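Position 346, counted from 1, in the sequence shown is what our numbering calls 348; the numbers after and before it change by one each time, with no gaps. C-beta atoms are modelled at their ideal positions from N, C-alpha and C, and glycine is treated no differently. Keep in mind the model is a prediction, meaning the values are calculated, not measured.
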Amino acid sequence: MEKFYLTTPIYYVNDVPHIGHAYTTILADVIKRYKQLRGLRVMFLTGTDEHGQKIERSAARQGLTPQQLADRMVAHFQKLWATLNIEYDAFIRTTDAVHVRGVQKIFSRVMEQGDIYRGEYAGHYCISCENFIPDSVEETADGKRACPDCGRLTDNRVSETCYFFRLSAYGDRLLKFYEENPEFVTPRSRMNEVVSFVKMGLRDLSVTRSTVKWGIPVPGDPQQTIYVWFDALSNYITAIDYLGEGERFHGLWPADLHIMAKDILKYHAVYWPAFLMAAGLPLPRKELIHGWWLKDEKKMSKSSGNVLDPHILLRHFSPDAIRYFLMREASIGADGNFSHEGFISRVNTDLTNDWANLVSRTTGMIEKYFAGEFSGAGLYTER
Ligand SMILES: [Zn+2]
Numbered sequence: 003m004e005k006f007y008l009t010t011p012i013y014y015v016n017d018v019p020h021i022g023h024a025y026t027t028i029l030a031d032v033i034k035r036y037k038q039l040r041g042l043r044v045m046f047l048t049g050t051d052e053h054g055q056k057i058e059r060s061a062a063r064q065g066l067t068p069q070q071l072a073d074r075m076v077a078h079f080q081k082l083w084a085t086l087n088i089e090y091d092a093f094i095r096t097t098d099a100v101h102v103r104g105v106q107k108i109f110s111r112v113m114e115q116g117d118i119y120r121g122e123y124a125g126h127y128c129i130s131c132e133n134f135i136p137d138s139v140e141e142t143a144d145g146k147r148a149c150p151d152c153g154r155l156t157d158n159r160v161s162e163t164c165y166f167f168r169l170s171a172y173g174d175r176l177l178k179f180y181e182e183n184p185e186f187v188t189p190r191s192r193m194n195e196v197v198s199f200v201k202m203g204l205r206d207l208s209v210t211r212s213t214v215k216w217g218i219p220v221p222g223d224p225q226q227t228i229y230v231w232f233d234a235l236s237n238y239i240t241a242i243d244y245l246g247e248g249e250r251f252h253g254l255w256p257a258d259l260h261i262m263a264k265d266i267l268k269y270h271a272v273y274w275p276a277f278l279m280a281a282g283l284p285l286p287r288k289e290l291i292h293g294w295w296l297k298d299e300k301k302m303s304k305s306s307g308n309v310l311d312p313h314i315l316l317r318h319f320s321p322d323a324i325r326y327f328l329m330r331e332a333s334i335g336a337d338g339n340f341s342h343e344g345f346i347s348r349v350n351t352d353l354t355n356d357w358a359n360l361v362s363r364t365t366g367m368i369e370k371y372f373a374g375e376f377s378g379a380g381l382y383t384e385r
């Protein structure tokens, strides 16, 4: 039986799940069900990303250990997925022992292979993204630099020893791979974005932190922890027993589909393939990039207080209505707009009028012409 291995990103536990998480996960669930109906053996993976300084700090503020905070948040995600009828096959947590040891394994392998080396970093650091800000970013008059990922200005400077991944050596190989696999990233516009990013040149990437305690220790150097993205991306292999690297792993890897929102495209389409090449592993077959959900045409954000909590919708509507709306309202790749009016009108027009009407007419005819019993159904044929 042909296999189909699909994944959502693992969700960061610094916040409760919002409509964006629900969208990605419902999309994955719908694709899973479709593939299953087509007779494929499907493996659907989701999970949670639990390490990093943000978790460390937010736990401290709440008087919890990072593990306690993570446990609490994971329960929110799992409960929501159960309510939304998400039928995932595995749930990976980056604090799972099998993940921790799997990440150390891939890290060691890349290091032995020569593409992770020890170096020095001095410069600006964005705590929010847990990213070093390159020197090429211009400094403001008061000594701040804008994080290229989130745009926040920071004057937070660090100087530390860390390990770097030789990303600069992978530009040509990545470009060759994209050229040979033009469908690797879909929609096409996102593939073009990735290609131009790589063509601008790649710098080596720092893959450890000495300042972050809540993370996976570097094998042989426990003063350092592994960079959250190196840790997080590896979940796609650790969840299927990369550690054992036996039948289960080889029967599922490479993944057939990684699904994600556009803001984490670079990590998945540039860093992840480069890490895999360095570890001597095959690359995922396809990455599907979707847009964001806007609320009344505005970007949702904590600061504007317009983040949509799926639990509020669930108080008034069935999970199926929510699943239907999210799948129907936005075309994959484009941003979707959520408005309460739009939601109600979809439910009334598509589900109540059209769909319910079709079902009621059909069952009515079965009663009228077939005495309420329908047997001998055959497969659909052209004539
Ligand atoms: Zn940032």
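Quiz prompt | G154: CB within 7 Å of a non-hydrogen atom of ligand 1 | solution = As a working note, residue 154 is residue 152 in the sequence shown. Note on residue identity: the sequence assigns Arg, not Gly, to residue 154. Yes - ligand 1 has a heavy atom lying nearer than 7 Å to the Cβ of R154.
Self-check item: For L259 and I242, believed in contact at Cβ under 8 Å, the rounded distance
Solution: Translated into positions along the sequence shown, residue 242 becomes position 240. Translated into positions along the sequence shown, residue 259 becomes position 257. About 14 Å separates the two Cβ atoms, so there is no contact after all.
Practice problem: Please classify D31: is it buried, with 16 or more other beta-carbons within 10 angstroms of its beta-carbon, or exposed? | Solution: Numbered from its first residue, the sequence shown carries residue 31 at position 29. Buried, since its Cβ has 16 or more Cβ neighbours within 10 Å.
Quiz item: Where does I135 fall in DSSP's three states?
Solution: Walking along the sequence shown from the start, residue 135 turns up at place 133. Looking at I135 - three-state DSSP - the assignment turns out to be coil, as it is neither helix nor strand.
Quiz item: Smallest Cα separation from F179: which of D206, L278, D151?
Solution: Walking along the sequence shown from the start, residue 179 turns up at place 177. Of the candidates D206, L278, D151, the one whose C-alpha sits nearest the C-alpha of F179 is L278.
Practice problem: Rank K56, R120, T26 by C-alpha distance to the C-alpha of I88 and give the top, closest one. | Solution: Here the question's residue 88 lines up with position 86 in the sequence shown. Closest option to I88, Cα to Cα, is T26.
Quiz item: Any heavy atom of ligand 1 within a distance shorter than 7 Å of the CB on C164?
Solution: If you number the sequence shown from 1, residue 164 lands on position 162. Because no heavy atom of ligand 1 lies under 7 Å away, the Cβ of C164 does not count as near it: no.
Quiz item: Going straight from the alpha carbon of T156 to that of T50, what length do you get?
Solution: As a working mapping, residue 156 is identified with position 154 in the sequence shown. As a working mapping, residue 50 is identified with position 48 in the sequence shown. Distance between the alpha carbons of T156 and T50 is about 28 Å.
Exercise. Return the bridge partner residues of G121 from the DSSP annotation.
Key: The residue given as residue 121 occupies position 119 in the sequence shown. DSSP output for G121 lists C164 as bridge partner(s).
Quiz item: What residue from D311, F372, H318, T365 has the CA that sits closest to D17's CA?
Solution: Reading the sequence shown from its first residue, position 15 is the one you call residue 17. Per the Cα distances, D311.
Quiz item: Just checking my contact of P184 with L82 at CB under 8 Å: how many whole Å lie between their CB atoms?
Solution: Along the sequence shown, one-based indexing puts residue 184 at 182. Along the sequence shown, one-based indexing puts residue 82 at 80. That pair is no contact at about 36 Å.
Quiz item: So, F340 versus W295, is the Cβ gap smaller than 8 Å?
Solution: Mapped onto the sequence shown, residue 340 falls at position 338. Mapped onto the sequence shown, residue 295 falls at position 293. Yes, Cβ-Cβ distance for F340 and W295 is below 8 Å.
Quiz item: Anyone know if the C-beta pair for D117 and N133 falls short of 8 Å?
Solution: What you label residue 117 is simply residue 115 of the sequence shown in a count that begins at 1. What you label residue 133 is simply residue 131 of the sequence shown in a count that begins at 1. Result no, Cβ atoms of D117 and N133 do not sit closer than 8 Å.
Quiz item: Should V196 and V272 be called a contact, given that it needs their Cβ atoms to be closer than 8 Å?
Solution: Looking up residue 196 in the sequence shown gives position 194. Looking up residue 272 in the sequence shown gives position 270. Yes, they are a contact pair.
Quiz item: How about D144: is its Cβ closer than 7 Å to a heavy atom in ligand 2?
Solution: In the structure on display, ligand 2 does not appear, and the ligands it does have are ligand 1.
Quiz item: Taking Cβ positions, are L290 and I261 nearer each other than 8 Å?
Solution: Along the sequence shown, one-based indexing puts residue 290 at 288. Along the sequence shown, one-based indexing puts residue 261 at 259. Yes, they are a contact pair.
Quiz prompt | Contact test: G130 Cβ vs ligand 1 heavy atom, cutoff 7 Å | solution = Within the sequence shown, numbered from 1, the residue matching residue 130 stands at position 128. According to the sequence displayed, residue 130 carries Ser and not Gly. Yes, ligand 1 has a heavy atom inside 7 Å of this Cβ.
Quiz item: Are the region 296-305 and the region 335-352 touching by the rule of at least three beta carbon pairs closer than 8 Å?
Solution: yes
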